[in-house]
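**Student:** One structure is given below, represented as structure tokens, and several questions about it will come after.
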Amino acid sequence: MDTTMSGKVKTWLGVASAPIIIWTCIPLIWILSESLKSTSALGDPTQNTVGNFWPKDLTFDNYKLIFSGGAKDLFVPALWHSIVVCLCATVISVALAMFCAYAIARLEFPGKKLILTTALAVSFFPVIAMVTPMFNLWRMIGLFDTIPGLIIPYLSLTLPLSIWTMAAFFQQIPWEMEQAAQVDGATSWQAFRKVVAPLAAPGVFTTAIIAFFTAWNDFVFALNLTSSNARTVPAALAFFTGASQFVQPTGAICAAAVIVTIPVVILVLVFQKRIVAGLTSGAVKG
Amino acid sequence: MSAAVDTAPNTRSQKRQKKHLSDRARAERTLGWKLSAPAFVVMLFVTLWPIAYAIVLSFYNYRLTDPAGKKFVWLQNYVTALSDSLFWQDFLTTFIIVVFTLFFELIIGMAFAMVMHKIVIPRKTLRTVVLIPYAIITVVSGFSWKYAAAVDTGFFNHWLHFFSAGAFPLDYNWFGGRWDSLFIICCSEIWKTTPFMSLLLLAGLAQVDSSMEEAAKVDGATWWQRFYKVILPNMKAALMVAVLFRTLDAIRIYDNPYIMTGGANRTQTLSMLVADETIKRVEIGMGSALSVILFIIVLIVAAIFVRGFKVDLTSTGGK
Chain A
49 MDTTMSGKVK TWLGVASAPI IIWTCIPLIW ILSESLKSTS ALGDPTQNTV
99 GNFWPKDLTF DNYKLIFSGG AKDLFVPALW HSIVVCLCAT VISVALAMFC
149 AYAIARLEFP GKKLILTTAL AVSFFPVIAM VTPMFNLWRM IGLFDTIPGL
199 IIPYLSLTLP LSIWTMAAFF QQIPWEMEQA AQVDGATSWQ AFRKVVAPLA
249 APGVFTTAII AFFTAWNDFV FALNLTSSNA RTVPAALAFF TGASQFVQPT
299 GAICAAAVIV TIPVVILVLV FQKRIVAGLT SGAVKG
Chain B
465 MSAAVDTAPN TRSQKRQKKH LSDRARAERT LGWKLSAPAF VVMLFVTLWP
515 IAYAIVLSFY NYRLTDPAGK KFVWLQNYVT ALSDSLFWQD FLTTFIIVVF
565 TLFFELIIGM AFAMVMHKIV IPRKTLRTVV LIPYAIITVV SGFSWKYAAA
615 VDTGFFNHWL HFFSAGAFPL DYNWFGGRWD SLFIICCSEI WKTTPFMSLL
665 LLAGLAQVDS SMEEAAKVDG ATWWQRFYKV ILPNMKAALM VAVLFRTLDA
715 IRIYDNPYIM TGGANRTQTL SMLVADETIK RVEIGMGSAL SVILFIIVLI
765 VAAIFVRGFK VDLTSTGGK
């Protein structure tokens with residue numbers, strides 16, 4: 049009886065996943081379809097099918113525009129800046145937060161409430177307000193419009209988030225195992241390295257992904273702390289223009305959007321297994 | 465301890481144990497500081513100075529174009545801001561967006577998480593697909609929904625026209641009014657951020673002991689009872705963190721309305737007001753004051769969560 053029930057549930061869940069996938073994919077396919085439309089098709093429903101959704105004639109003109117055409121100098125460097133800045137910010141913040149979150153979740157020491165409160169306060173301070181003072185300082189010390197000048201403010205986005213998320217993960221780890229290790233003679237550090245770290249790895253990976261996406265997503269810092277040498281994609285999109293000044297940049301923006309989505313998809317595919325392992329089977333079993 | 469009479473060996477062993485414990489406590493304390501210091505110091509370095517400077521600036525009447533006219537005006541900026549109707553209009557807009565999006569994100573996110581938790585057949589596909597919107601840049605999501613709803617390039621009107629058998633007008637302007645614009649903004653926001661919610665909720669779901677759910681099932685609990693009485697209380701930590709993060713993040717919503725309406729039709733949010741004052745009008749003092757107000761709003765909400773709903777990440781040992 050149990051097998052038939054779970055079989056039924058299986059089918060039901062399979063069916064339930066369909067609307068989720070459709071809801072998630074439509075805006076994605078839509079932006080892909082927009083990027084494949086010619087300039088005339090963008091404003092003319094008769095050149096498209098499925099209710100103005102998909103173009104009858106596919107064209108790669110928009111991609112040519114951003115990779116070799118008028119928008120090339122704007123887009124290609126921005127893509128590299130995005131990748132470098134976000135990877136650096138993620139690695140630094142996760143490495144720092146890992147130790148901090150462990151200490152907060154596990155160890156008894158005065159000041160951890162202060163750390164968490166500060167992390168929260170910092171994490172949700174309106175970023176626009178940090179831009180003005182940073183803009184002044186960066187120009188004085190020569191960090192304006194540089195890669196490090198962007199990594200540092202990005203840490204203010206990723207580091208507090210990493211601390212909070214990881215502390216939450218670490219709190220749900222079965223600490224009895226650490227205690228057991230310590231009873232068996234392990235020091236706090238050994239218990240951390242040999243018992244806790246493997247248990248905590250899934251949480252660390254998930255946190256790294258969240259941190260990367262947060263940095264990848266940033267718009268305000270990139271827009272205001274750079275001019276050309278370190279401008280990332282989201283900010284560059286705001287400066288996109290069409291093939292001529294009379295043409296809407298719709299197609300070019302959509303093509304650029306598709307391109308910046310590709311590394312994200314690759315990342316999701318590479319890390320997905322870890323995320324699933326980390327989030328489902330997880331560290332806790334009973 | 466000093467008063468202990470040192471006669472029985474029993475007392476001595478107790479004494480040794482006590483000393484041993486305090487040694488361990490001290491080692492633990494030192495280790496705790498060592499582990500958390502780097503992150504804390506870096507965090508302070510990248511944020512404390514700008515935040516402090518923003519607070520200082522909020523007491524000045526300071527325009528970038530007129531640096532000589534910089535004047536200390538006490539709380540004048542705050543008084544002006546709080547007595548301005550535009551501030552309260554933007555406050556209301558932000559509040560509506562926060563409540564509307566959070567409500568739907570929680571429901572949809574929980575549904576996603578529960579399907580993802582138990583699903584067998586398109587398991588990997590579903591999880592990969594659901595991860596993608598979260599990874600996408602908000603600006604991109606904003607453009608996608610904007611073009612989708614636009615009268616000339618969009619498909620919304622065509623699809624609604626088709627599914628309503630022609631009742632829905634093809635030339636309906638989604639960006640013509642406040643509520644329609646807010647609706648599209650919220651749609652993009654919900655689409656973009658629900659995966660974040662469902663990821664955190666899924667993490668919480670995975671921590672729920674399945675044997676407890678089985679036990680409830682054996683005892684005859686209905687699906688809803690199992691969900692409400694067993695699953696939810698056992699994933700409270702993850703649930704509250706997800707809600708807290710989303711609420712505080714939604715309060716400073718900026719990218720979506722910026723891309724879609726630029727604040728037209730009374731869709732300007734508080735963050736956009738700050739940006740307007742700081743960047744467009746270069747009223748650094750007023751912009752900083754508005755930032756501080758926004759920050760205080762965020763602090764109040766966070767305090768309500770942490771105190772009222774007992775979200776406590778600092779407590780150790782068990783849930």
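So the sequences go chain by chain: A and B. In terms of my numbering, the first sequence opens at residue 49 and continues consecutively. In terms of my numbering, the second sequence opens at residue 465 and continues consecutively. Ideal Cβ placement from N, Cα and C applies to all residues, glycine included.
Using only CA atoms, which one of 276/A, 271/A, 277/A lies nearest to residue 283/A?
**Tutor:** 271/A
**Student:** Mind checking which residues open and close the alpha helix (DSSP H) that includes residue 121/A?
**Tutor:** 120-154
**Student:** Alpha carbon to alpha carbon, how far is residue 514/B from residue 183/A?
**Tutor:** 10 Å
**Student:** Whose C-beta lies closer than 6 Å to the C-beta of residue 114/A among residues of the same chain, with five residues either side of it excluded?
**Tutor:** 123, 300, 303, 304
**Student:** Alpha carbon to alpha carbon, what distance is there between residue 516/B and residue 150/A?
**Tutor:** In a straight line, the C-alpha of residue 150/A is about 29 Å away from that of residue 516/B.
**Student:** Quick one: which chain A residues come within Cβ less than 7 Å of residue 642/B?
**Tutor:** Ordered by position in chain A, no residue passes the 7 Å Cβ test against residue 642/B, which lies about 23 Å from the chain.
**Student:** DSSP has residue 787/B in a bridge; who is on the other side?
**Tutor:** Because chain B here runs from 465 to 783, residue 787/B falls outside it and cannot be looked at.
**Student:** Could you pull out every residue in the same chain whose Cβ sits closer than 8 Å to the Cβ of residue 566/B, ignoring the five residues on either side in sequence?
**Tutor:** 707, 710, 711, 714
**Student:** So, are the CB atoms of residue 701/B and residue 522/B less than 8 Å apart?
**Tutor:** With respect to the 8 Å criterion, residue 701/B and residue 522/B are not classified as neighbours on the basis of their beta carbons.
**Student:** My parser needs the alpha helix (DSSP H) runs of 4 or more residues fully inside the segment 164-231 of chain A; what are they?
**Tutor:** Correct list: 175-189, 196-219, 224-231.
**Student:** Whole angstroms are fine: how far does the CA of residue 726/B sit from the CA of residue 716/B?
**Tutor:** 15 Å
**Student:** Please return the same chain residues whose Cβ sits closer than 6 Å to the Cβ of residue 439/B, not counting the five positions on each side in sequence.
**Tutor:** For residue 439/B there is no data in the structure shown, the boundaries of chain B being 465 and 783.
**Student:** Nearest chain A C-beta to residue 601/B closer than 8 Å, yes or no?
**Tutor:** yes
**Student:** What separation, rounded to the nearest whole angstrom, lies between the Cα atoms of residue 546/B and residue 734/B?
**Tutor:** 12 Å
**Student:** If the criterion is Cβ atoms closer than 8 Å, does the pair residue 196/A and residue 655/B meet it?
**Tutor:** In this structure, residue 655/B does not lie closer than 8 Å to residue 196/A by Cβ.
**Student:** Which residue wins for smallest C-alpha separation from residue 143/A, given the options 308/A, 306/A, 253/A, 273/A?
**Tutor:** 253/A
**Student:** Within this structure, are the beta carbons of residue 213/A and residue 255/A separated by less than 8 Å?
**Tutor:** yes
**Student:** Using a C-beta cutoff of 8 Å, does residue 275/A count as contacting chain B?
**Tutor:** no
**Student:** Check whether the segment 590-599 of chain B touches the segment 678-695 of chain B, counting contact only when three or more Cβ pairs, one atom from each stretch, lie closer than 8 Å.
**Tutor:** no
**Student:** Counting Cβ pairs closer than 8 Å, one from the segment 736-750 of chain B and one from the segment 172-181 of chain A, do we hit at least three?
**Tutor:** yes
**Student:** Quick check on this structure: which residue in 221/A, 155/A, 229/A has the alpha carbon closest to the alpha carbon of residue 493/B?
**Tutor:** 155/A
**Student:** In whole angstroms, give me the CA-to-CA distance for residue 62/A and residue 316/A.
**Tutor:** Here the alpha carbon of residue 62/A sits roughly 21 Å from the alpha carbon of residue 316/A.
**Student:** Any chance the segment 233-251 of chain A sits against the segment 88-106 of chain A, with 3 or more Cβ pairs inside 8 Å?
**Tutor:** no
**Student:** If the cut-off is 7 Å on Cβ atoms, which residues from the segment 94-115 of chain A count as contacting chain B, listed in chain order?
**Tutor:** 99, 100, 101
**Student:** Got a sec: which bits of the segment 623-639 of chain B sit with their beta carbon under 8 Å from any beta carbon on chain A, in order along the chain?
**Tutor:** Residues 623, 625, 626.
**Student:** What does the Cβ neighbour count give for residue 732/B, buried or exposed, with the cut at 16 atoms within 10 Å?
**Tutor:** With 16 or more other Cβ atoms within 10 Å, it is buried.
**Student:** According to DSSP, is residue 115/A part of a helix, a strand, or is it coil?
**Tutor:** Residue state, collapsed to three classes: helix.
**Student:** Please classify residue 102/A: does DSSP put it in a helix, a strand, or coil?
**Tutor:** In the three-state DSSP reduction, residue 102/A falls in the strand class (E or B).
**Student:** Which bits of chain A does residue 517/B rub up against, with CB to CB less than 7 Å?
**Tutor:** For residue 517/B, the chain A residues whose C-beta falls within less than 7 Å of its own C-beta are 181, listed in chain order.
**Student:** For the 8 Å Cβ check, are there 3 or more pairs between the segment 78-86 of chain A and the segment 101-113 of chain A?
**Tutor:** By the Cβ test, the segment 78-86 of chain A is in contact with the segment 101-113 of chain A, since at least three Cβ pairs between them sit closer than 8 Å.
**Student:** So, with DSSP's three-state summary, where would you put residue 621/B?
**Tutor:** In the structure shown, residue 621/B sits in a helix (DSSP, three-state: H, G or I).
**Student:** Of all Cβ atoms in chain B, is any one closer than 8 Å to the Cβ of residue 330/A?
**Tutor:** Confidence in residue 330/A is poor, its pLDDT being 28 and thus under 50, which makes the residue's placement unreliable; the coordinate value appears in the next sentence. It does: the Cβ of residue 330/A has a partner Cβ on chain B nearer than 8 Å.
**Student:** Which residue's Cα is closest to the Cα of residue 596/B: 658/B, 644/B, 535/B, 612/B?
**Tutor:** 658/B
**Student:** Note down, in chain order, each residue of its chain lying with its Cβ closer than 8 Å to the Cβ of residue 581/B, except the 5 sequence neighbours on either side.
**Tutor:** 666, 669, 670
**Student:** Whole angstroms is fine: what's the gap from residue 764/B's alpha carbon to residue 687/B's?
**Tutor:** Taking the straight line from one Cα to the other gives about 36 Å.
**Student:** Return no unless some Cβ of chain D is closer than 8 Å to the Cβ of residue 576/B.
**Tutor:** The displayed structure is made up of protein chains A and B, and chain D is not among them.
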